[in-house]
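Under the UniProt record's numbering, the first residue of the sequence shown is numbered 1, with each subsequent residue one higher.
Quick notes on the structure that follows.
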Amino acid sequence: MTRRRLRPLPVRASLAAALIATTAFGVPQLAAQVFPGHDTSAPVNYAADRIELQDKQNRVVLSGSVDVRQGDLRLQAARTVVNFTDAGSLQIQRITASGGVVVARGNERATGDVAVYDFNKKIITMSGNATLKRGNGDTLRGGRFVIDLKSGVSSASGGRVSGTFTVPKQN
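Below, the structure written as structure tokens:
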């Protein structure tokens with residue numbers, strides 16, 4: 001998958017440029033900025049109805065109204081599996097969330113059936129009925145989103161990609 005870097009243009013302009021560039025070549029993929037400036041080194045807090053620590057597998061299973069927060073990024077799901085390493089202190093490697101997954105920050109909200117947050121690569125991958133909505137009304141739908149938290153650039157792929165752009169009102 002080819003990833004395109006976008007200049008920091010206004011969101012609508014960067015989305016439109018990416019849409020034109022990718023559809024011109026017949027590639028069903030869209031690149032856009034999502035969750036820019038997220039602090040991936042912030043502590044991770046969680047709450048759930050149930051927790052199960054599986055020491056031998058180096059994982060924690062959270063279930064029932066799971067709410068995970070890192071800085072101003074929030075992940076909600078029915079169930080998550082948190083994989084970690086234990087070399088003197090616990091280090092989160094990956095969170096796999098399933099069941100009505102919502103990842104939100106500010107006025108941006110991504111939803112899907114499954115999400116994987118890879119802490120080493122600083123990437124969130126959402127799949128299954130993936131949708132991104134912005135507070136201004138812009139919407140993007142695809143089978144799969146990859147959100148790069150380092151660059152703020154994301155891509156949508158997996159079948160037909162569709163969406164809605166809002167247009168500024170003229171006086």
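Note that the Cβ used here is the ideal one computed from N, Cα and C, for glycine as well.
Please read all numbers here as calculations on a predicted model, not as lab measurements.
Cβ separation of residue i and residue j, assumed to be a contact under 8 Å, to the nearest whole Å
i	j	result
Ala156	Phe165	The pair is not a contact, with the Cβ atoms about 14 Å apart (cut-off 8 Å).
Gly163	Arg134	Not quite, the Cβ-Cβ distance comes to about 10 Å (not below 8 Å), so this is no contact.
Leu149	Lys169	33 Å between Cβ atoms; not a contact.
Length of the line joining the Cα atoms of residue i and residue j
i	j	result
Ile51	Val68	13 Å
Val103	Gly88	30 Å
Gln91	Thr85	5 Å
Thr131	Thr125	12 Å
Beta-carbon proximity list for residue i, same chain, < 6 Å, skipping 5 on both sides
i	result
Ala24	No answer about Ala24 holds up, because its pLDDT of 33 lies below 50 and its placement is not dependable.
Arg79	Ser63, Ser98, Gly99
Val61	Glu52, Val81
Asp113	Gly128, Asn129
Asp76	Reading off the sequence, residue 76 comes out as Gln, not Asp. Only Asp67, Val102 meet the Cβ criterion.
Gly143	Gly158, Gly159
Asp49	Gly64, Ser65
Val116	Thr96, Thr125
Cutoff 8 Å; reference residue i; Cβ partners in own chain excluding five residues on either side
i	result
Arg105	Phe35, His38, Asp72, Leu73, Arg74
Secondary structure, beta strand (DSSP E): runs of 3+ residues fully inside the segment 39 to 110: 44 to 47, 50 to 54, 59 to 70, 73 to 86, 90 to 105
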